[in-house]
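Quick notes on the structure that follows.
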Ligand code: MN
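In our numbering, the protein residues as written are 4 to 241.
Encoded structure:
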């Protein structure tokens with residue numbers, strides 16, 4: 004059994020939330036999703052990672068700009084102090100363990116920040132208005148393409164370029180951080196995918212493959228490859 008640790012995609016009214024699309028995408032890939040509780044206690048985070056074979060960082064609120072050394076501007080969206088306090092050390096610890104990490108939307112932004120990179124607090128305000136990246140009106144169908152860079156893990160998994168993606172973000176990656184390789188770019192030049200080479204599956208994507216994966220097989224392939232990497236990781240460490 005391959006266990007996939009997932010951070011909640013929301014903490015509202017003192018209740019944990021997970022978008023069921025993540026659960027179903029992992030189940031279709033043959034993995035068993037495990038929803039983590041929210042805690043910033045490093046010993047408990049370490050104990051949680053002991054129980055799983057890979058880490059899935061889900062979408063959600065904006066990363067607090069203080070975590071990349073900036074002041075929060077009015078254009079920045081809502082942040083979650085509880086999620087930041089949990090997910091920074093959790094992601095760092097998973098990377099230290101060379102555990103597979105799949106980082107989606109907020110997740111890729113968090114991964115970049117953990118690696119010392121930084122973000123556009125708002126794409127129209129700080130990057131440009133050439134392409135609309137905030138398309139909550141079309142959550143589960145492609146609204147723009149990304150160019151998939153040849154020779155990357157992403158390219159080896161999806162096997163096509165350009166790839167159609169959904170887009171439910173108003174922030175984006177400005178600098179991807181130390182050791183990160185860009186693997187996907189939107190037509191306006193915005194970074195939409197980063198990965199850490201020479202590791203088991205450590206990939207971030209700015210779109211939401213979990214919402215596309217039921218109907219678009221190339222997006223399900225991302226979860227299949229992630230769960231396979233987690234199974235291999237479990238095999239090596241047992
Ligand atoms: Mn986009």
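Where a beta carbon is used, it is the ideal one built from N, C-alpha and C, also for glycine.
Report the partner residues of residue i according to the DSSP bridge assignment.
i	result
residue 121	178
residue 18	15
residue 39	DSSP lists no partner for residue 39.
residue 171	137
residue 65	82
residue 9	38 and 59
residue 148	167
residue 198	184 and 206
residue 104	58 and 205
Here's the rule I'm using: 16 or more other beta-carbon atoms within 10 Å means buried, otherwise exposed. How should residue i be labelled?
i	result
residue 65	buried
residue 136	buried
residue 147	buried
residue 76	exposed
residue 144	exposed
residue 23	exposed
residue 213	buried
residue 141	exposed
residue 236	buried
residue 216	buried
residue 81	exposed
residue 103	buried
residue 4	exposed
residue 74	exposed
residue 132	exposed
residue 154	exposed
residue 179	buried
residue 238	exposed
Compute the beta-carbon to beta-carbon distance between residue i and residue j, rounded to the nearest angstrom, for a pair I have assumed lies under 8 Å.
i	j	result
residue 162	residue 209	That belief does not hold up - the Cβ atoms of residue 162 and residue 209 are roughly 19 Å apart, past 8 Å.
residue 191	residue 134	4 Å
residue 181	residue 114	So it is not a contact: roughly 11 Å between Cβ atoms.
residue 226	residue 32	4 Å
residue 38	residue 68	Not a contact, Cβ separation roughly 27 Å.
residue 108	residue 171	7 Å
residue 7	residue 55	6 Å
residue 116	residue 59	Going by Cβ atoms, the distance from residue 116 to residue 59 rounds to 17 Å, so no, they are not a contact pair.
residue 230	residue 34	4 Å
residue 149	residue 221	So it is not a contact: roughly 11 Å between Cβ atoms.
residue 158	residue 168	The Cβ separation is near 14 Å, so there is no contact.
residue 62	residue 211	6 Å
residue 105	residue 30	15 Å between Cβ atoms; not a contact.
residue 36	residue 26	5 Å
residue 160	residue 183	With a Cβ gap of about 17 Å, residue 160 and residue 183 do not count as contacting.
Item checked: Chain-ordered residues, beta carbon under 5 Å from a heavy atom of the ligand MN -> The set of residues whose C-beta lies within less than 5 Å of a heavy atom of the ligand MN reads, in chain order, 136 and 170.
Note to self: Within 8 Å, do at least three Cβ pairs link the stretch 76-89 to the stretch 182-189?
What the structure shows: no
Notebook entry, point to check: Does the stretch 194-208 touch the stretch 10-17, meaning 3 or more C-beta pairs lie closer than 8 Å?
Noted result: no
Note to self: Three or more C-beta pairs under 8 Å: does that hold for the stretch 51-67 against the stretch 92-106?
What the structure shows: Three or more pairs of CB atoms, one per stretch, sit closer than 8 Å, so the stretch 51-67 contacts the stretch 92-106.
Next item on the list: Indicate whether the contact test is met: 3 or more Cβ pairs, each with one atom in the stretch 164-178 and one in the stretch 108-128, closer than 8 Å.
Entry: The stretch 164-178 is in contact with the stretch 108-128.
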